[in-house]
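Working notes for the structure below.
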Amino acid sequence: MTIKTQQRLLLAVIGIIFCMMFGLVVQSNRITEKHQARGLLLNEIIKQVFDFSIAASDYSMYHHDRALEQMELRITTLARPLEQLEFGHADSQAVLESMQQELERARHIFKQLKESHNTFKAKYGVDITEKTDVFAHQAIENFSSKLSISAVTLVTNAQYLLKTSTESQMKELRFYDRQVMTGIVVSFALLSLAVFIFSRRFVTSIEALKDGAARIACGDLTSRIGLSGGDELTDLTRSLNEMSDRLQESREALEDEIEERKRTEESLLESEQQLREWEAAVQRLNSKLENQVIKLQEANKEMESFTYSVSHDLRAPLRHVTGFVEMLNRRDTSGLDEKSRHYLTVISEAATKMSSLIDDLLSFSRMGRSEMMKSHFDLKQLTWDVIGEMTKGLPPERGIEWRIGDLPEVTGDRAMLRLVLVNLISNAVKYSNKAETALIEVDALPEENGSTTVYVRDNGTGFDMKYVDKLFGLFQRLHSTEEYEGTGVGLANVRRIIGRHGGRTWAEGELHKGATFYFTLPLIKET
Amino acid sequence: MVVELKKILLVEDNPNDAELTMEAMHEKNLANEVIWLKDGQEALDFLYCEGAYQGRDRINPALVLLDIKMPRVDGLQVLKKIKSDPNLRTIPVVILTSSREESDLLQGYEDGVNAFVVKPVVFGDFIHSVSSLGAFWAVLNEAPAIRI
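These protein sequence lines map, in sequence, to chains A and D. Per the working numbering, numbering of the first sequence is gapless, rising by one per residue and ending at 527. Per the working numbering, numbering of the second sequence is gapless, rising by one per residue and ending at 1148.
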């Protein structure tokens, strides 16, 4: 049971004991009171009887009325206490009854005495002495002495009763005292026992709790307090144990988490390490790339200046060849035979061809080397310019329908882009010369990703898509010079120029249906 | 006052080109008037009447046809010299070169060249260009006849 219950129980028991003791005390008090009352009464009786005796002896000596009155008074007053007295004990009650009877007798005798006295007094009118009426006197004396005896009896009885009363009171009181004593002792014993039990319980429990708590405080979360008994201390123990459990759990959880975190940290460090390695690798790659880019750029430059100087230096001997062949031609060639003249012709034409190739190569190279002079201009207007110039040199039979769309304003090198348009449009014109009416469109697709796409479309001879990769190659041609003149540098130039502007070039075509050539230009907004 | 025939100074290192040029001049009957010098140094010696040309009458040519790529002293250096010398400045100088190098063109005009002509490869055009030049500068054009 719980301590509280025990406590309550103890209190209840003690309460009961005290109630009992209280009862006993009350009871003993009552006994004392009773005895005291009885004592008083008995003493009263004794006193009255004593006074009566005095009065009686006074009367017997002097036969005063006053004495007689006193005697009467005393006898009367005796009645009351005698009536009030009562005894539990049978013997005492018998004595009391005899006393009452005695009193009754005494009263009776007194009445007789009083009668005699009054008769005497009435008769004689003087105090009774033996001289006056011996007989009467004798009677009175008789009565007086009987009364005296009654008195004595009463007193003796009263004393006897007093004694026994006191004795029984003593006995009873002793009994109650003993009870009270026992009660005190018992409750003391109980209390001691309880205190002993409690304190022992407390001491051991607190000892156990203290040790347990100390262990927990020291960090040993695995120990548990073993305390049994169904009371609050056990609950406390249980709570402490649970606390210890929780602490243990949370510590384990924390340890796990720390472990986890450590692992995460480690893997993070590893990843960091990895990242740094990659960064370093990327940097190395980057610098390699940069180096390669520089090398490539240098190689390009070298290539270009090589190309240029080669073309440049080739022109002089070429000029000499054509020149001297021509001069030879102008001389009198009648001496030469047909074959010789034919040879001369071939040499001449070859030289001419060579020179135009070199010129194209030179201009192509120049396109790659020269500074770009960017400006913002209207592509549509440029297109019309180019068309105007182109059509000037055309024979009037060439019927061409021009469809020019909404071309945007662009930023770029005007001269270079002019060349692009010249190449594309002249190609369109050239390769549609077999059509009755050539239809040439120049238009732009909607802006996408910040650049515009322009196309030149014709309905001429077209090309087979399987050769599409060759189109933009330098000196690459899909037709012989007899079919269509040209060196195959136009589209290469277009690609080079558009490339320098940051755009792309491509083409679509279908044999005998036509071809479309596209290029993109990044639209740089007004600077 | 002796009026000298107008001379054309041809400064050209390549003999073939020189021959072609002569042929072209011949068409316009200017061949006799062409003096051929092989490089820039000779040209300067001639103009200043020094070196091999000491004792020459100090008469400026009516036209200088200047090639650019030459040994010793190249065409642009000769041009600079001519155009910075008050005595020679007035001589018309035409650069006659193998190819149209943008930087050469700009430099030439900055230094005051009178014309910049690229030698055509096609002979017919070559004849036409050169002889036109000669006809214009040496015949049509009025130039001061300075006696140095």
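C-beta: ideal position from N, C-alpha, C; glycine also. Keep in mind the model is a prediction, meaning the values are calculated, not measured.
- Excluding five sequence positions before and after Lys1028 (chain D), the CB atoms of its chain that fall closer than 7 angstroms to its own CB belong to Ser1131, Gly1134 and Ala1135, given in chain order.
- Just so you know, the alpha carbons of Asn329 (chain A) and Met1025 (chain D) end up roughly 18 angstroms apart.
- Between Glu141 (chain A) and the set A:Ser116, A:Ser271 and A:Asp378, the nearest pair of CA atoms involves A:Ser116.
- Taking the CA atoms as reference points, Glu401 (chain A) sits about 54 angstroms from Ala1062 (chain D).
- Met327 (chain A) has a beta carbon lying within less than 8 angstroms of a beta carbon in chain D.
- When 7 angstroms is used as the limit between beta carbons, Arg418 (chain A) is near no residue of chain D, the shortest such separation being about 17 angstroms.
- In this structure, DSSP gives Pro81 (chain A) a helical state, which the three-state scheme calls helix.
- Taken atom to atom, the span from the alpha-carbon of Glu249 (chain A) to that of Ala194 (chain A) is near 40 angstroms.
- Annotation: Asp245 (chain A) to Ala208 (chain A) spans about 17 angstroms, alpha carbon to alpha carbon.
- When the five nearest sequence neighbours on each side are left out, the beta carbons in the same chain lying within less than 8 angstroms of the beta carbon of Ile184 (chain A) are those of Met21, in order along the chain.
- If only complete runs of 3 or more residues are kept, the segment 490-527 of chain A shows the beta strand (DSSP E) at 505-510 and 514-522, in order along the chain.
- When DSSP states are grouped into helix, strand and coil, Pro395 (chain A) belongs to the coil group.
- Per the coordinates, the alpha-carbon of Arg263 (chain A) lies some 14 angstroms from the alpha-carbon of Leu254 (chain A).
- The contact set of Gly388 (chain A) on chain D, defined by CB atoms closer than 8 angstroms, is empty, because the minimum CB distance reaches about 25 angstroms.
- When Cβ-Cβ separations below 8 angstroms define contact, Leu1037 (chain D) makes no contact with chain A.
- Against chain D, the CB of Ser355 (chain A) has a partner CB under 8 angstroms away; the residue lies at that interface.
- Taking the Cα positions, Asp177 (chain A) is about 17 angstroms away from Gln36 (chain A).
- For Gly412 (chain A), DSSP records a beta bridge to A:Ser375.
- Rounded to the nearest angstrom, the gap between the Cα atoms of Leu491 (chain A) and Leu285 (chain A) is 35 angstroms.
- Annotation for Phe22 (chain A): the continuous alpha helix (DSSP H) segment containing it runs Ile3 to Tyr62.
- Within chain D, the C-beta atoms nearer than 7 angstroms to that of Ala316 (chain A) come from Asn1014, Asp1017 and Ser1098, in chain order.
- Contacts with chain D at 8 angstroms (Cβ-Cβ) do not include Leu344 (chain A).
- Here Thr487 (chain A) carries a coil assignment [DSSP, helix/strand/coil].
- By the C-beta criterion, the segment 465-472 of chain A is judged not to be in contact with the segment 434-446 of chain A, since fewer than 3 inter-stretch pairs fall below 8 angstroms.
- The three-state secondary structure of Tyr176 (chain A), taken from DSSP, is helix.
- Non-local beta-carbon contacts of Met465 (chain A) in its own chain, meaning distances under 7 angstroms to residues more than five positions away in sequence, involve Gly509 in chain order.
- Under the DSSP assignment, Tyr455 (chain A) falls outside any alpha helix (DSSP H), being part of the beta strand (DSSP E) whose first and last residues are Ser451 to Asp458.
- Looking at the backbone, the Cα of Ile497 (chain A) and that of Thr452 (chain A) are separated by about 16 angstroms.
- Contact note: Lys1119 (chain D) reaches chain A through Arg319, using a C-beta cutoff of 7 angstroms and chain order.
- Where Pro1015 (chain D) is concerned, the enclosing alpha helix (DSSP H) starts and stops at Pro1015 to Glu1027.
- DSSP, read as helix, strand or coil, puts Asp443 (chain A) in strand.
- Within chain D, no residue has its beta carbon less than 7 angstroms from that of Thr481 (chain A); the closest one is some 17 angstroms off.
- Contact of Leu362 (chain A) with chain D is assigned, a C-beta pair being separated by under 8 angstroms.
- Following the DSSP letters along the chain, one finds Ile258 (chain A) inside the alpha helix (DSSP H) bounded by residues Glu232 to Arg330.
- Around the beta-carbon of Gly212 (chain A), 16 or more other beta-carbon atoms lie within 10 Å, marking it buried.
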